Amino acid sequence: MTEVAFDPAAPLTPTGNLRRRRMFSRVAELGATGAALFAVAVLAIVIYTVVSRGASALSFEFLVTGAPTGIAPAIVGTALIVALATAMAMPVGVLAAIFVTEFAGNRVSRGSKLTLDLINGLPSIIIGLFVFGLLVNHHTQSGFAASVALAIIMLPLIARGAQEVLLLVPNSLREAADALGVARWRTVLGVTLPSALGGILTSTVLAVARAAGETAPLILLCSVFDPRHMDLNVTEAIPNIPVRIFQLSEEANPEGFAQAWGMSLVLVSFILFASLGARAMHARSRRKMTS
Amino acid sequence: MSQRDSTQGPGGALPVSSRVRIQSGSLPHPAGTVAGNGAARRELGLESVFEVSDVSVFYGAKKALSGVSLRIPRSRITALIGPSGCGKSTFIRSLNRMNDSVPAFRLEGQVLYHGHDLYASNVDEVEVRRRIGMVFQKPNPFPKSIYDNIAWALRNLGLKHDLDDRVERALRAAALWDEVKDRLKSSALGLSGGQQQRLCIARAIAIEPDVLLLDEPASALDPIATASIEDLMHSLKGRFTIVIVTHNMQQAARVADRTAFFGLDASSGEPAGTLIEYADTETIFNRPADPRTRDYVTGRFG
């Protein structure tokens, strides 16, 4: 212990096995950087393909007419199905998040988080099958059934996102409200929720972006429709973008392929803008809350 | 402890009253009242608001506070001083049940508030805090306008008439009115630290509590803001019973009528905070009975 392992007066150049350790760390760093670049490249290639093949199909007519020239019924149908799903998933998701962060004890809260994560991990085809058995079997396909399936997919995304922002609300605000003799639920409505509202909206938009492109359950629940006409009746199958893309790609029709790529471009643009916009909004509300 | 009466079902269910909101003016009496302390309450020549007897506080297995007994007189300022980690904050938070939300919190002993057991099973902690307000170490205004910071609790408690008037009175009492009267609608987060803390005090007194608990209200403030908070305490004295935790001994000497010195007591195994000496402020600072108090107030604490 008394002997120093190196000469403190020696020049500060690599000695011993430092050269080898430096080499190893260089290789590890290169590997990690490469993997990250690869992930970015995948996204870039997908977007490039969709844009290059889909752009030619895009036109004003394409967006506002029905099949065979346009996709307006599918856009409206998807908007309707997703809106209905959001109307179902958002209240439940936000209330579940409030329960976990504001009311539940430690153990219960861990259990509910785990449950939500497990729902999030369910394959969407399984959710589709479940809703098929529940609402479609012995009845007919419907936009409503599709909404229920999408709501189940959105629920954990909204609930976990809302939890995250509710946890960011400083505890000192809850204490302040407690110390004023205000009941907990009023505190949630008057202080906690308003502070977390931005983040809750963000996670909802992210969930919408995810649900808009969900295909597997819709093939089971909402695929026998007439793509030529607008249909706002959710008690029957209504046109929607993902299933329409699937159908057009299955047909041996070059025009259909072009249209499928055009629809993909519309869908991908919506999802990208929604996600990026939501993240920007999230960053802003986070800054506002933590500053 | 629990009072048995006709409302109690055969299955031993809680009395109906235990869950309903109690009207202001009376805590439910029977369960918590302990007979025979009326005489003791006058021992100081003053009516006591709190009578704390042999209170110990545990967080899980850890003992944070051990065997504290004291009386807090009405309409006076009582200061709690002592080194860090000796249970002052734990103690003051036990006076309005703010510790209830701390996991594994447990209290032994008895805290009487105007003769009612604060920890009786039929006492509603929301009602407790409505009467015993608290201001925290770090200013914690709501992210709302200055006006709404004060009006929000008033509205929720049903004190809706003369709202503007109540807000103005609270701000005046907290010596903040002149500084904010022209920007009541702007965010409270734009105020300086000292102003925010006075806003928190205004918020606490707007609901007209009986007691004001201040947990190191000036520790995050500069000397000028501290001085204005101290002036404020002097002006509030008489209207409210004030209990203040402070690290600053000069502050205790300046504002308090009674001072309690807390310290660590390791006599029974692991060290826990405890009350070492409690007397008039003048006595504590000039003629302390306990050598530990003397060492602390003269700055010789090791």
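For the record, the sequence lines run as chains A and B. Using my numbering, the first residue of the first sequence is number 1, and each one after it goes up by one. Using my numbering, the first residue of the second sequence is number 1001, and each one after it goes up by one. Ideal placement from N, C-alpha and C gives every residue a C-beta, glycine not left out. On a predicted model such as this, the values are computed, not experimentally measured, just so you know.
Local conformation of residue i per DSSP, three classes
i	result
ARG20 of chain A	helix
GLN1197 of chain B	helix
ALA1116 of chain B	Reading off the sequence shown, one finds His at residue 1116 of chain B, where the question assumed Ala. In this structure, HIS1116 of chain B counts as strand in the three-state DSSP scheme.
ALA1040 of chain B	Low confidence applies to ALA1040 of chain B: its pLDDT is 44, below 50, so where it sits in the model is not reliable, and the reading given next is rough at best. It is helical.
ARG279 of chain A	helix
LYS113 of chain A	helix
TYR1281 of chain B	Here residue 1281 of chain B turns out to be Thr, not Tyr, going by the sequence shown. In the structure shown, THR1281 of chain B sits in a helix (DSSP, three-state: H, G or I).
GLY1190 of chain B	helix
LYS1237 of chain B	strand
ASP1265 of chain B	strand
PRO254 of chain A	helix
SER1303 of chain B	Residue 1303 of chain B cannot be examined here, being either before or after the span of chain B that is shown, 1001 to 1302.
MET230 of chain A	coil
PHE1105 of chain B	strand
THR15 of chain A	coil
PRO170 of chain A	coil
VAL224 of chain A	coil
ASP1124 of chain B	coil
GLN163 of chain A	helix
PHE6 of chain A	coil
GLN1137 of chain B	coil
LEU135 of chain A	helix
GLN1250 of chain B	helix
VAL82 of chain A	helix
Neighbour-count burial assignment, residue i, 16 or more Cβ in a 10 Å radius
i	result
ALA196 of chain A	buried
THR192 of chain A	buried
THR1293 of chain B	buried
ASP1054 of chain B	exposed
SER291 of chain A	Because SER291 of chain A sits at a pLDDT of 49, beneath the cut-off of 50, its placement in the model cannot be relied upon, and the following sentence gives the value as read from the coordinates. By the neighbour-count rule (16 or more Cβ atoms within 10 Å), SER291 of chain A is not buried but exposed.
ASP231 of chain A	buried
PHE1261 of chain B	buried
GLU1230 of chain B	buried
LEU63 of chain A	exposed
ASP1182 of chain B	exposed
LEU150 of chain A	buried
LEU30 of chain A	exposed
PHE1142 of chain B	buried
PHE1285 of chain B	buried
Rounded distance between the beta-carbons of residue j and residue i, thought under 8 Å
i	j	result
THR1078 of chain B	GLY1273 of chain B	THR1078 of chain B to GLY1273 of chain B, Cβ: 17 Å. No contact.
THR202 of chain A	MET281 of chain A	5 Å
ILE200 of chain A	VAL165 of chain A	6 Å
VAL1245 of chain B	LEU1221 of chain B	Contact doesn't hold; Cβ gap of about 15 Å is too wide.
ARG1166 of chain B	ALA1206 of chain B	6 Å
PHE1136 of chain B	GLU102 of chain A	Between GLU102 of chain A and PHE1136 of chain B the Cβ distance is about 19 Å, and since that is not below 8 Å, they are no contact.
ALA35 of chain A	GLN259 of chain A	Not quite, the Cβ-Cβ distance comes to about 36 Å (not below 8 Å), so this is no contact.
GLU214 of chain A	SER147 of chain A	Rounded, the Cβ-Cβ distance is 11 Å, inconsistent with contact.
TYR1113 of chain B	VAL1049 of chain B	7 Å
VAL50 of chain A	LEU265 of chain A	5 Å
Within chain B, the residues that residue i reaches when beta carbons sit closer than 9 Å
i	result
LEU276 of chain A	Those within 9 Å of LEU276 of chain A in chain B number zero; the least Cβ separation is about 26 Å.
VAL191 of chain A	PHE1142, PRO1143, LYS1144, TRP1152
SER285 of chain A	Here the premise fails: no neighbours, minimum Cβ distance about 11 Å.
SER112 of chain A	Result: empty, since nearest Cβ-Cβ is about 17 Å, beyond 9 Å.
ALA162 of chain A	In chain order: nothing, as chain B lies at least about 18 Å away.
SER147 of chain A	Those do not exist, as SER147 of chain A stays about 35 Å from chain B at its closest Cβ, beyond 9 Å.
SER195 of chain A	PHE1142, PRO1143
Cross-chain neighbours of residue i in chain B, by beta carbon under 7 Å
i	result
LEU173 of chain A	ASN1140, PHE1142
Under 8 Å by beta carbon: chain A residues contacting residue i
i	result
ALA1120 of chain B	Those within 8 Å of ALA1120 of chain B in chain A number zero; the least Cβ separation is about 18 Å.
GLY1133 of chain B	ALA179, LEU180, GLY181
ALA1204 of chain B	ALA179, LEU180
ILE1207 of chain B	LEU180, GLY181
ARG1129 of chain B	ASP178, ALA179, LEU180, GLY181
ASN1096 of chain B	ALA179
Neighbour list for residue i in chain A, Cβ cutoff strictly below 9 Å
i	result
PRO1103 of chain B	GLY105, ASN106
PHE1240 of chain B	Those within 9 Å of PHE1240 of chain B in chain A number zero; the least Cβ separation is about 14 Å.
PHE1136 of chain B	SER172, GLU175, ALA176, ALA179
VAL1126 of chain B	ASP178, GLY181, VAL182, ALA183, ARG184
Proximal residues of chain B, C-beta to C-beta of residue i below 8 Å
i	result
ARG186 of chain A	ASN1156
Residue i Cβ short of 6 Å to the ligand SAH heavy atom set
i	result
ALA87 of chain A	What this structure holds is no ligand at all, so the ligand SAH is not there to describe.
Partner residues on chain A for residue i, Cβ-Cβ distance less than 7 Å
i	result
MET1233 of chain B	Simply none; closest approach about 17 Å.
Contact between the region 1177-1184 of chain B and the region 1098-1111 of chain B is defined here as three or more beta-carbon pairs at a separation below 8 Å; is this criterion met? Not touching, per the Cβ criterion.
Measuring CB atoms only, is the region 115-127 of chain A touching the region 170-183 of chain A, in the sense that at least three cross pairs come out at less than 8 Å? No, they do not touch.
Quick test of the definition: if touching needs 3 or more C-beta pairs under 8 Å, does the region 1106-1123 of chain B touch the region 1050-1064 of chain B? With a cut-off of 8 Å, the region 1050-1064 of chain B and the region 1106-1123 of chain B count as touching, because enough Cβ pairs lie within range.
Is the region 56-67 of chain A touching the region 118-133 of chain A, taking contact as three or more C-beta pairs under 8 Å? Too few Cβ pairs lie closer than 8 Å, so no.
Is the region 160-171 of chain A touching the region 239-253 of chain A in the sense that three or more CB pairs, one from each, lie closer than 8 Å? Here the region 239-253 of chain A makes no contact with the region 160-171 of chain A; the two share fewer than three CB pairs at distances below 8 Å.
Three or more beta-carbon pairs under 8 Å between the region 222-238 of chain A and the region 138-156 of chain A, yes or no? Touching, per the Cβ criterion.
Would you call the region 1116-1126 of chain B and the region 1183-1199 of chain B in contact, with 3 or more CB pairs under 8 Å? Using a Cβ-Cβ distance cut-off of 8 Å, the region 1116-1126 of chain B and the region 1183-1199 of chain B are not in contact, since fewer than three pairs of beta carbons, one from each stretch, lie closer than that value.
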